[in-house]
Amino acid sequence: MKDQKKAEEIAALRVQLLSPLLADGLDPAKARRIKTQICELFSDFRG
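Structure follows, in structure tokens:
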């Protein structure tokens, strides 16, 4: 049960991080900035 809850929390976080990339009319430069921020977040998280 605990593993299922953790998996759902991780999935929700991923959706929150990636959903801005699905916005209509997203400027390519802004999309690159969002992607860079996501990559930086995960590189910091991994150590």
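Using the working numbering, read the sequence shown as starting at 1412 and increasing by one per residue. We treat Cβ as the ideally placed atom computed from N, Cα and C, and that holds for glycine.
{"query": "Check for me: the alpha helix (DSSP H) holding D1414 runs from which residue to which?", "result": "1413-1429"}
{"query": "A1434 by DSSP, collapsed to three states: which one?", "result": "coil"}
{"query": "Using beta-carbon positions only, say whether L1432 and A1422 come within less than 8 Å of one another.", "result": "no"}
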